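In terms of our numbering, the sequence shown is residues 122 to 798.
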Amino acid sequence: MSHSPSTPSQPLSLIYLDANATTQVLPQAAAAAISTMETLFGNPSSSHISGIQAKQIMDKTRKQAEQVTGAGQGKIIFTSGATEGIQTAILSALTHAKKSLDSNKNYTLLYGATEHKAVPESLKHWNEILEINATVKAIPVDNMGQLDIDFIAKEVPNALMICTMAVNNETGVYQDIALLDNTIRANNQDVAWMVDCVQALGKQQLDLSKTSIDYAPFSGHKLYAPKGIGYMYVRENAAFTAFIAGGGQESGLRSGTENLPGLAALSTIFSMLLGESETAFAPVETLHLFRQQLVNALTQAFPNIVFNHHFENSVPTTLNFALPGFSSKEIMDLFDAANIRVSSGSACSSKVTRSFVLDAMGLPAWQSESAIRMSFGPAMSQEEIDNACQRIAFAAQALTQSCLTLDEVNTNAEVITDKTELDGLIQFKVGGSCTWLYVDSLSKSAVIIDPLPEVAERLKTLLNCRGLTLVAVIDTHGHADHVSCRENMETEQLSDQQSDSLGWPENTPCLTINGIVYHYINIGDKWLLKVTTPGHTDDSISLLLCEPVKDSTKPLSVHYAFCGDLILMGSLGRTNFPCSSATAMYVSLQRLNSLIGPDTLLCPSHDYNNEFTTSIGAEMSVNSLLAQVINNDIYSDDFALQKARMDKNIIDEAGSEIMCGALLLSLIHISEPTRPY
Ligand code: PLP
Numbered sequence: 122m123s124h125s126p127s128t129p130s131q132p133l134s135l136i137y138l139d140a141n142a143t144t145q146v147l148p149q150a151a152a153a154a155i156s157t158m159e160t161l162f163g164n165p166s167s168s169h170i171s172g173i174q175a176k177q178i179m180d181k182t183r184k185q186a187e188q189v190t191g192a193g194q195g196k197i198i199f200t201s202g203a204t205e206g207i208q209t210a211i212l213s214a215l216t217h218a219k220k221s222l223d224s225n226k227n228y229t230l231l232y233g234a235t236e237h238k239a240v241p242e243s244l245k246h247w248n249e250i251l252e253i254n255a256t257v258k259a260i261p262v263d264n265m266g267q268l269d270i271d272f273i274a275k276e277v278p279n280a281l282m283i284c285t286m287a288v289n290n291e292t293g294v295y296q297d298i299a300l301l302d303n304t305i306r307a308n309n310q311d312v313a314w315m316v317d318c319v320q321a322l323g324k325q326q327l328d329l330s331k332t333s334i335d336y337a338p339f340s341g342h343k344l345y346a347p348k349g350i351g352y353m354y355v356r357e358n359a360a361f362t363a364f365i366a367g368g369g370q371e372s373g374l375r376s377g378t379e380n381l382p383g384l385a386a387l388s389t390i391f392s393m394l395l396g397e398s399e400t401a402f403a404p405v406e407t408l409h410l411f412r413q414q415l416v417n418a419l420t421q422a423f424p425n426i427v428f429n430h431h432f433e434n435s436v437p438t439t440l441n442f443a444l445p446g447f448s449s450k451e452i453m454d455l456f457d458a459a460n461i462r463v464s465s466g467s468a469c470s471s472k473v474t475r476s477f478v479l480d481a482m483g484l485p486a487w488q489s490e491s492a493i494r495m496s497f498g499p500a501m502s503q504e505e506i507d508n509a510c511q512r513i514a515f516a517a518q519a520l521t522q523s524c525l526t527l528d529e530v531n532t533n534a535e536v537i538t539d540k541t542e543l544d545g546l547i548q549f550k551v552g553g554s555c556t557w558l559y560v561d562s563l564s565k566s567a568v569i570i571d572p573l574p575e576v577a578e579r580l581k582t583l584l585n586c587r588g589l590t591l592v593a594v595i596d597t598h599g600h601a602d603h604v605s606c607r608e609n610m611e612t613e614q615l616s617d618q619q620s621d622s623l624g625w626p627e628n629t630p631c632l633t634i635n636g637i638v639y640h641y642i643n644i645g646d647k648w649l650l651k652v653t654t655p656g657h658t659d660d661s662i663s664l665l666l667c668e669p670v671k672d673s674t675k676p677l678s679v680h681y682a683f684c685g686d687l688i689l690m691g692s693l694g695r696t697n698f699p700c701s702s703a704t705a706m707y708v709s710l711q712r713l714n715s716l717i718g719p720d721t722l723l724c725p726s727h728d729y730n731n732e733f734t735t736s737i738g739a740e741m742s743v744n745s746l747l748a749q750v751i752n753n754d755i756y757s758d759d760f761a762l763q764k765a766r767m768d769k770n771i772i773d774e775a776g777s778e779i780m781c782g783a784l785l786l787s788l789i790h791i792s793e794p795t796r797p798y
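Shown next, in the form of structure tokens:
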């Protein structure tokens, strides 16, 4: 069935589907916060009436928190958020454990492999600060995201602390708390157990005092309260060490003047959770219906969508999926254009963009790299879900109209002529690897460089739907990290053309520059010039898209240099394969520089940091080894020695992408963004 949502004529309202990152403050919660700032602004520790009024708000909020959490005799301590709760729990557990450490024993600190980074990082931090020297170990999960119970049973006897989560922030996968409780306590009565309940609040019934959980952190901003307010549950008699000392607030357990506006807002949210308010949250059955509606809309819009988690063990408010052939950045951009906020389910880290949560679940690399998360909260309305579904259909239609997907109904899609002309350079990314497509709109011809199999369908769709003639499909070298789909594309699109092992057509014209013969092909009114640039591999070439050469004694006018793995952004291609040669790379770098100079745009076959292109000049400013080669400040043998040292930094993680060059450590640091997860 074709879907043809009408094109909205008004500016699109925002549809926020990123509730697991943070939520908007509900108007009634904001009003409560404002009232404590303007009217009931007292300090709960003051003994005058303003102070007493403030204390009443605080006491009420605490009572509600106890109810919502099922705290029983356990304590509720207000904090700035979950990260503080996590610190407090870990500091408390480890300070207590330190008192009775046996120096002959090897201890562990266990955490779920899909835990929010705040947990393992805090474990490592306090383990070091307190000089506990325990081994910090991740508990594996299965492909449904479920913690390995046998592993826990085996490892927990030696554990000082075990940290698990109620609901995962990337996938919504929830754990079986009763099973964990039984397993942990059957094997270790004393181990401190923290359960991160941040993503469970408002989505699951909580009754913590019925479990042996010692600590549970919560965060207000994940459920419509402002940032800066949170709370933690501490089981009765659980060890406790104050993380913040001072004026003795919170019975001395957490000093610092209380965040009254935050507390008042949180109280409003609790009233809604407890059904004490006029406005109520959607019941869980409704949330399931909302999820089903979104799933239907997504599946209809993107028939080959793959969901990255099982719905039967996930809360209904989180959907994590991938679309074959599309990077998470492209889908994010698509949704952004439709004014729908979603997030990429992968950590855009310095290396490759992938999700450690989905990796831990053993999902295929492409799913982890291109994951998208849609999440909503219990204040979601039917109207918003309806709008979101309509907008999703609209976004999918935009993909078809721009020739990025085929119209499922009209698979023999005619050549589309009324579209904005496609012209110039397009990068397609899969993980850190790139395919480049160059289109000359006047001659309707195109060339593809380093075609990745994951984008083959999209490339074909684009060529057919735009009526483009493929002139050549060329690899810059034999790739070690992925299979090229060049041969398939050649067979399908260029069956009459004979070419060499990288796809360079036979019998191409040539010219001589400085005594070296270069072959070229025509792409519209431009030339694509082949330069042999061995080093990374012995068959490596670079391709220069340039103006036709009229006088070979004059500098070339190069628009783009497709340099394969010779120069990577922030690195040089690795030269530690059997077919590599660092000394050959030295010559190639100088050759490329002599042809293109410092400012030509380089288009390497990897883009680990989403930088799109670079230039030799830009790379020289961050890569001193390259600068030395270009400036003739280093001999080829010394370069080879330094290059070997650089290649030692390459980390080839099992199951992840083979890195084609060691990223310079200084750059890794700079480019690591913080993510609101
Ligand atoms: N734990 C989980 C599961 C989360 O999703 C988050 C939010 O990023 C945190 C902990 C940290 O919470 P906060 O932002 O309140 O410090």
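Beta carbons: idealized from backbone N, C-alpha and C, even for Gly.
As the structure is a computational prediction, the values presented were derived from the model and not from experiment.
A Cβ-Cβ separation of about 29 Å leaves A459 out of contact with A401 under the 8 Å criterion. When rounded, the separation of the alpha-carbon atoms in E371 and D507 is 44 Å. The beta carbon of S562 lies closer than 7 Å to those of E542, L543 and D544 in the same chain, with the five residues before and after it left out.
Distances between the C-beta of Q320 and the heavy atoms of the ligand PLP include at least one below 7 Å. Unbroken alpha helix (DSSP H) runs of no fewer than 4 residues, entirely contained in the segment 345-412, are found at 381-394, following chain order.
Between the C-alpha atoms of P676 and H431 there is a straight-line separation of about 59 Å. Around the beta carbon of V604, fewer than 16 other beta carbons lie within 10 angstroms, which makes this residue exposed. The DSSP-derived three-state label of Y137 is strand.
Placement of the Cβ of N279 at a distance of 7 Å or more from every heavy atom of the ligand PLP is found. When the five nearest sequence neighbours on each side are left out, the beta carbons in the same chain lying within less than 8 Å of the beta carbon of V427 are those of F442, A443, L444, P445 and Q488, in order along the chain.
Cβ-Cβ separation between S564 and G624: approximately 20 Å, too far for a contact (criterion under 8 Å). Here C586 carries a helix assignment [DSSP, helix/strand/coil]. DSSP, read as helix, strand or coil, puts S489 in helix. In the DSSP assignment, the residues bridged to Q548 are W557. P382 sits close to A154, with the two beta carbons spaced by under 8 Å. The alpha carbon of V319 has as its nearest neighbour, out of T674, L344, N635 and P278, the alpha carbon of L344. Collapsing the DSSP output to three states places K226 in coil.
Cβ neighbours of E575 within its own chain (closer than 8 Å, five residues either side excluded): P445, G446, W487 and V551. Between Y681 and L632, the CB-CB gap reaches or exceeds 8 Å. Contact check for M495 against G266 fails: the beta carbons are separated by 8 Å or more. Distances from the alpha-carbon of S736 to those of S757, Y707, L687 and Y756 put L687 closest.
If one requires a minimum length of 4 residues, the alpha helix (DSSP H) runs lying completely within the segment 153-198 are 170-190, in chain order. V319 sits in coil when the DSSP states are folded into three classes, being neither helix nor strand. Judged by their CB atoms, D335 and R306 are not nearer to each other than the 8 Å cut-off. Distance from the CA of K219 to the CA of E236, rounded to the nearest whole angstrom, comes to 24 Å. Between S340 and G202, the C-beta spacing is below 8 Å. Taking the Cβ atoms as the reference, N290 lies roughly 5 Å from N141, within the contact range of under 8 Å. Within the same chain, and ignoring the five residues on either side of T658 in sequence, the residues whose Cβ sits closer than 7 Å to its Cβ are H598, G599, F698, C700 and S701. Judged by their CB atoms, P626 and I642 are nearer to each other than the 8 Å cut-off. The alpha-carbon of G323 is positioned some 22 Å away from that of D302.
A residue is called buried when at least 16 other Cβ atoms come within 10 angstroms of its Cβ; I211 meets this threshold and is buried. By the neighbour-count definition (other C-beta atoms within 10 Å, threshold 16), T438 is a buried residue. Taking a contact as a CB-CB distance under 8 Å, the pair I197 and R183 counts as one, their CB atoms being some 5 Å apart.
For the pair G718 and N752, the Cα-to-Cα distance works out to about 12 Å.
Closest option to A567, judged by alpha-carbon separation, among D621, S171, K647 and H409: K647. A contact is defined here as three or more CB-CB pairs under 8 Å, and the segment 613-624 meets this definition with respect to the segment 585-597.
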